[in-house]
Amino acid sequence: MSSVSAAQTTKLGDSAPRTTLASEYRRFVLRRVVCLVALAVVAVVALLVDIASGPSMLGLADVVHGLLNPESIDAGTRVIIEDIRLPYALMAVVVGACLGLAGAEMQTVLNNPLASPFTLGVGAAATLGASLVIAFNISFLGLAAHILLPLSAFVFAAVASLLILILSRSLGASVHAVVLFGIALLFGINAVVGLIQFVADAESVQQIVFWTMGSLARASLDKVMIVAAVLAVCLPFSLRNAWAMTLLRSGEEQARSLGIRVERLRLTVLMRVSLLTAAAMCFVGEIGFIGLVAPHIARLMLGEDHRFLLPGSALAGAVLLSLSSIASKLLVPGVVLPVGIVTALVGIPLFILLIIGRSRRVAL
Amino acid sequence: MTLKLESVTAGYRNRAVFSNLSLPEIPAGALVAVIGPNAVGKSTLLKSIAGLLPISGTMTFAGENLAGLTSHQRTRRVGYLPQPLPQAIPLVAYETVFSACRSARGDWSREETEQAIEEVFDTLGIRQLALRRLSEMSGGQRQMVGLAQVLVRQTPLMLLDEPTSALDLHWQLNVLNAVRDATNQERSVALVACHDLNLALRYCDQVLVISPGGQAELGTPEQVLTPDLLARTYGIEARIERCSQGQPIVLADRPLPASVR
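As structure tokens, this is what we get:
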């Protein structure tokens, strides 16, 4: 294969035999794979600690035995692990992963480090859907409230995404237009939720506020499976777009000239984000911090190559929410706090530590 | 592989930047400087040839109508360097170039891709930047990485929008030498929008001057770059002198008052 010549090269150390850039890059990629595996190991450890922690603390060995060989532990511990802690802990993992992945994709296609599923009001729309069911005891097709509530949250989140997409497309789908519509929608929906709280009775207001705090207490294995299924469907499609998203991050015009259909990419990613967000939120309520910070943690550790960033962000989200879940059980002894109010308390110190570590490495 | 434009009109949202632009055939192996004052349509011309703007009229390259190509076919034929530098993000130079190959040269094997990347980093003299993040580079270094993204693909048509705007003299010469070599050896065509008339005089076979009225003139640098044209196009009083080695040089003396232009 012929190519541009190397005649004018400014080469350093030409006389010494040198390693190829490809082999150096392969070593670089290997470090990232190791980093990703380490993150996965941390996620598993956090999951186990999450299962172990609670009002009655279990040993990690008991948890592992309980999971691998349930017959080997006593019935009481088995009930605690299988019926109470496991759904709760698994829900933290899958919801965290969904929000982490959604946040990373959104930050990329909107080219905005402040973007998260909540920037566009998708989260607020889910809250609106839930609030309507709670406040007005809406019944639909004879569905029970515990089914109707997540369904309504999901439908409202999806409609909000669709609305943003339609409005943005009709006025030219620039990044700024999408973000502006999202923020306007967020404020609009918050006003409506405020209005609902104003007219609702005291008990409904309490339930709505509890929803906005986000809680894993509503978890069950069925619900975990639903959220996990959405994640399993979305992740391969996300990874299929990994190269396109990497190019888009380096420059939109360059990406276009390389044949990336940027508008179409933005549209499909935003639809995927709304699905992930709605699935994550419909059972646990609002958990706002993960989608914003998990992508930044993954970016600090793994860089901007989306083959690593996307799974890394999902894993970082899972770790963050698992750690938050642990903290929510341990901060006030005997009380399980809503996890949504603990995420920022756990996430911010971790985030700051990573930034300090990174800036020290750069300084050196 | 010649480039031909006939009655091309292009612009943005109902505002034509140039209308009915026709150019004589640009031959294979030509390095063409696209010059003209700010906002005259240099970038618009390159973008429309790159297929990033809707056009009316006909653009043919190597006998193919460029507008009729699929995006896949176009990425193999046309390499475009936009004016904005690659963003300062934590993406290392190697994967920036690698991702461009993955997207545009799916026909290459992994070995071919790696060899092409190796060669382009050597040609541009940026081997030491390969594993450095864009966020830790200067503007000039990022511009070199952007250029590597284009040159690595070895397209027969290259459109470079101010490729030396962030570079010091050493790198300016390095880049233009690399582009010159590519056009000479591969018989490819390169259109380079630039403001440095002396670089155009030194490296380019032809100069395409776009005037504020949207008229275009194409010819050899010495034919086109005359004091009269510089006065009309840029509103400056300028001389074309020769250095001790016989190389023509543009010397801009002063801006002309509006009444004289």
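Sequences listed follow chains W and G, in order.
Each residue of the first sequence is one higher than the one before, counting from -10 in the numbering used here.
Each residue of the second sequence is one higher than the one before, counting from 21 in the numbering used here.
C-beta atoms are modelled at their ideal positions from N, C-alpha and C, and glycine is treated no differently.
Source: prediction; values computed, not measured.
Check whether residue i and residue j have beta carbons under 9 angstroms apart
{"i": "L228(G)", "j": "L221(G)", "result": "no"}
{"i": "F272(W)", "j": "A218(W)", "result": "no"}
{"i": "F118(G)", "j": "V209(G)", "result": "no"}
{"i": "D225(G)", "j": "A48(G)", "result": "no"}
{"i": "L211(G)", "j": "L177(G)", "result": "yes"}
{"i": "V18(W)", "j": "S120(W)", "result": "no"}
{"i": "L66(G)", "j": "Y100(G)", "result": "yes"}
{"i": "A124(G)", "j": "L154(G)", "result": "no"}
{"i": "E139(G)", "j": "G77(G)", "result": "no"}
{"i": "E293(W)", "j": "R238(W)", "result": "yes"}
{"i": "R162(G)", "j": "P110(G)", "result": "no"}
{"i": "G92(W)", "j": "V328(W)", "result": "no"}
{"i": "G61(G)", "j": "R94(G)", "result": "no"}
{"i": "L37(W)", "j": "A307(W)", "result": "no"}
Whole-angstrom distance between residue j and residue i, CA atom to CA atom
{"i": "L219(G)", "j": "S185(G)", "result": "12 angstroms"}
{"i": "A53(G)", "j": "P338(W)", "result": "54 angstroms"}
{"i": "P225(W)", "j": "L299(W)", "result": "10 angstroms"}
{"i": "I345(W)", "j": "L289(W)", "result": "11 angstroms"}
{"i": "G43(W)", "j": "D127(G)", "result": "56 angstroms"}
{"i": "A115(W)", "j": "V324(W)", "result": "27 angstroms"}
{"i": "L154(W)", "j": "S158(G)", "result": "36 angstroms"}
{"i": "C87(W)", "j": "T90(G)", "result": "35 angstroms"}
{"i": "I315(W)", "j": "G55(W)", "result": "19 angstroms"}
{"i": "M95(W)", "j": "E115(G)", "result": "21 angstroms"}
{"i": "I260(G)", "j": "L245(G)", "result": "8 angstroms"}
{"i": "F278(W)", "j": "M79(G)", "result": "51 angstroms"}
{"i": "T203(G)", "j": "T29(G)", "result": "27 angstroms"}
Chain W within 9 angstroms of residue i, Cβ atoms only
{"i": "P74(G)", "result": "no"}
{"i": "V112(G)", "result": "yes"}
{"i": "A213(G)", "result": "no"}
{"i": "A150(G)", "result": "yes"}
{"i": "Y32(G)", "result": "no"}
{"i": "R222(G)", "result": "no"}
{"i": "F81(G)", "result": "no"}
{"i": "R94(G)", "result": "yes"}
{"i": "K62(G)", "result": "no"}
{"i": "R153(G)", "result": "yes"}
{"i": "S158(G)", "result": "no"}
{"i": "G49(G)", "result": "no"}
{"i": "L86(G)", "result": "no"}
{"i": "R147(G)", "result": "yes"}
{"i": "G56(G)", "result": "no"}
{"i": "Q161(G)", "result": "no"}
{"i": "A59(G)", "result": "no"}
Residue i, buried or exposed, once every other Cβ within 10 Å from all chains shown has been counted against 16
{"i": "C223(W)", "result": "buried"}
{"i": "S61(W)", "result": "exposed"}
{"i": "H135(W)", "result": "exposed"}
{"i": "V335(W)", "result": "buried"}
{"i": "D273(G)", "result": "exposed"}
{"i": "L47(W)", "result": "buried"}
{"i": "S128(W)", "result": "exposed"}
{"i": "H285(W)", "result": "buried"}
{"i": "T201(W)", "result": "buried"}
{"i": "I341(W)", "result": "exposed"}
{"i": "C16(G)", "result": "Coverage of chain G is limited to positions 21 through 281, which leaves residue 16(G) absent and any answer about it impossible."}
{"i": "L353(W)", "result": "A caution first: L353(W) carries a pLDDT of 41, below 50, which makes its placement in the model too unreliable to give a value."}
Residue-level contact to chain G via CB, residue i, 9 angstroms cutoff
{"i": "W232(W)", "result": "yes"}
{"i": "R229(W)", "result": "no"}
{"i": "K0(W)", "result": "Interpretation of K0(W) is limited by its pLDDT of 43, a score under 50 that renders its predicted location unreliable; no figure is taken from the coordinates."}
{"i": "L236(W)", "result": "yes"}
{"i": "L99(W)", "result": "no"}
{"i": "L47(W)", "result": "no"}
{"i": "G240(W)", "result": "yes"}
{"i": "L320(W)", "result": "no"}
{"i": "A104(W)", "result": "no"}
{"i": "L10(W)", "result": "yes"}
{"i": "E60(W)", "result": "no"}
9 angstroms Cβ cutoff, residue i in contact with chain C
{"i": "R125(G)", "result": "Of the chains in the structure shown, none is chain C; the protein chains are W and G."}
Listed in chain order, which residues of the stretch 118 to 131 of chain G have Cβ atoms closer than 7 angstroms to some Cβ of chain W? So the close ones are S119, A120, R122, S123 and A124.
Could you please tell me which residues of the stretch 244 to 278 of chain W, in chain order, have their CB closer than 9 angstroms to any CB of chain G? A244, R245, S246, L247, G248, I249 and R250
Residues in the stretch 169 to 190 of chain G having any Cβ partner in chain W nearer than 7 angstroms: Q169, L171 and Q174
May I ask you to list, following chain order, the residues of the stretch 282 to 316 of chain W that have a beta carbon less than 7 angstroms from some beta carbon of chain G? Listed by position, the residues of the stretch 282 to 316 of chain W near chain G (Cβ gap below 7 angstroms) are R288, G292, E293 and D294.
In the stretch 81 to 95 of chain W, which residues sit with their C-beta less than 7 angstroms from some C-beta in chain G, listed in chain order? none
Interface residues of the stretch 249 to 276 of chain G facing chain W [CB-CB below 9 angstroms]: none
Residues of the stretch 12 to 23 of chain W with Cβ closer than 7 angstroms to any Cβ of chain G, in chain order: Considering only beta carbons, the part of the stretch 12 to 23 of chain W lying closer than 7 angstroms to chain G consists of E13, Y14 and F17, in chain order.
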